[in-house]
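To start, the structure itself, in structure tokens.
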Amino acid sequence: MVKTGCFAVVMGLLVTATTVMADAKSGEKQLKEAHQCKHQALKLGGYVQARWEGTLAGDEFPNAFRIRRAYLGASGNVGKCFSYKVLLTIPGPSVELYDAYVDVKPFKPLIIRVGQFQTPIGMEKLRSSSVILFPERTFASGFTTDRDLGVMLAGQVKFFGGQLGIFNGEVRNVKVDLNEAKDIATRLTVKPIDYMHIGGAYQMGKRSTLDTLGEPTNDWKFNRWGAEFALNPWDLWFATEIMGGKDEEVSLMTYYAEAGWMFKVDLKWLHGLQPAVRYEAIDPNTETAGDTRSIITAGINLHFLPKHQAKLALCYRMITEERTEVDNDQIIAQLQLKF
20 MVKTGCFAVV
30 MGLLVTATTV
40 MADAKSGEKQ
50 LKEAHQCKHQ
60 ALKLGGYVQA
70 RWEGTLAGDE
80 FPNAFRIRRA
90 YLGASGNVGK
100 CFSYKVLLTI
110 PGPSVELYDA
120 YVDVKPFKPL
130 IIRVGQFQTP
140 IGMEKLRSSS
150 VILFPERTFA
160 SGFTTDRDLG
170 VMLAGQVKFF
180 GGQLGIFNGE
190 VRNVKVDLNE
200 AKDIATRLTV
210 KPIDYMHIGG
220 AYQMGKRSTL
230 DTLGEPTNDW
240 KFNRWGAEFA
250 LNPWDLWFAT
260 EIMGGKDEEV
270 SLMTYYAEAG
280 WMFKVDLKWL
290 HGLQPAVRYE
300 AIDPNTETAG
310 DTRSIITAGI
320 NLHFLPKHQA
330 KLALCYRMIT
340 EERTEVDNDQ
350 IIAQLQLKF
């Protein structure tokens, strides 16, 4: 009853709210900006996301304030054909390296990227968490390798884009490769019209099982595939993505669909409101019944400044387990400042 009531309140906000257009910075736009070669040796930036979150755990309501994300980055150009980016995150008492790469641009439209960066698979995963619709990412973003060490070729010709990379096949900040095999990841995108995006990606490689001493004992095959579609006409954002793959002999799949509409608000302190809704699900083993998990998220973003510089995200997450239902729905209020 509590779940239904809280969800109804949020859905009511969606019906009555009004909002501005989301800044959905695509991979194609990033490649275009990389080729502009503005002679800026150093540019600093980052963002902080501070939140309050609570969990509806039956008769209890555990809740807390926390820093969800804190990023600090530096980027710039060196000469006409070289650029770099370094991105640090502060998840707790320590500092962790996220991105550290160099872009070489010998001629348009080719970009050669070397270092640690995002593997080219997953539409939502490749977007900054500062511009996505909700405070939490979908299952799809955690479905494959986030960042890895490697080299990638990328480019865009008119409305076609492509990326092809070779990677160690380990998680970020791992200095050694546990096996001799390398991951290969590729992504192709097309924009048949200005506000439509269609893409597909594939990644394959090997993973190693470690023994009690941390030594690799055997290798097993790994692959992921994805298909993506997005529409961004007027002030609407609609996106859907499906990803599948296999870990050795286990097949898994996840998908989501989301929509948000931005309405401009003519107030000095408020730039706009953006109601949004999303459905996502994951099946960790397609051959096993009863293990699917799904989440319906509904909420509203209050944009105090344009381009996601300052916004307050409010959302309710209705979490459903197929086999054994658990009282674990979430309420999140997150304030973001981007600089």
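Just so it is clear: in the sequence shown, position 130 is 149 by my numbering, and no numbers are missing. Beta carbons: idealized from backbone N, C-alpha and C, even for Gly.
Original post:
In chain order, what residues of the same chain lie with their CB nearer than 7 Å to the CB of residue 225, ignoring the 5 residues before and after it?
Top reply: 188, 198, 200, 238, 239, 240 and 241
Original post:
Are the region 190-197 and the region 346-357 touching by the rule of at least three beta carbon pairs closer than 8 Å?
Top reply: no
Original post:
What does a CB cutoff of less than 6 Å around residue 255 pick up in its chain, not counting 5 residues either side in sequence?
Top reply: 280
Subject >> Validate contact between the region 161-178 and the region 131-147 using beta carbons, cut 8 Å, 3 pairs >> reply: yes
Subject >> Local conformation of residue 60 per DSSP, three classes >> reply: coil
Subject >> residue 358 (DSSP reduced to helix, strand or coil) >> reply: coil
Subject >> CB contact flag (residue 89, residue 105, <8 Å) >> reply: no
Subject >> Close-in-space but distant-in-sequence residues of the same chain around residue 40 (CB under 7 Å, 5 per side omitted) >> reply: Note on residue 40: pLDDT 34, under 50, position unreliable in the model; the coordinate value appears next. For residue 40, where only same-chain residues beyond five positions count, the Cβ hits under 7 Å are 254 and 281.
Original post:
Who are the near neighbours of residue 301 in its chain, counting only those whose CB is closer than 6 Å to its CB and skipping five residues on each side?
Top reply: 158, 273 and 312
Original post:
Whose CA, out of 142, 99 and 149, lies closest to the CA of residue 125?
Top reply: 99
Original post:
Which residues mark the beginning and the end of the beta strand (DSSP E) in which residue 280 is found?
Top reply: 269-280
**OP:** For residue 353, I'd like the list of residues in its chain whose CB is within less than 6 Å of its CB, leaving aside the five on either flank, ordered along the chain.
**Re:** 68, 70, 154 and 332
Original post:
Hey, quick one: how far does the beta strand (DSSP E) through residue 201 stretch, first residue to last?
Top reply: Here residue 201 belongs to no beta strand (DSSP E), and DSSP marks it neither H nor E.
Original post:
With DSSP run on the structure shown, which of helix, strand or coil describes residue 161?
Top reply: helix
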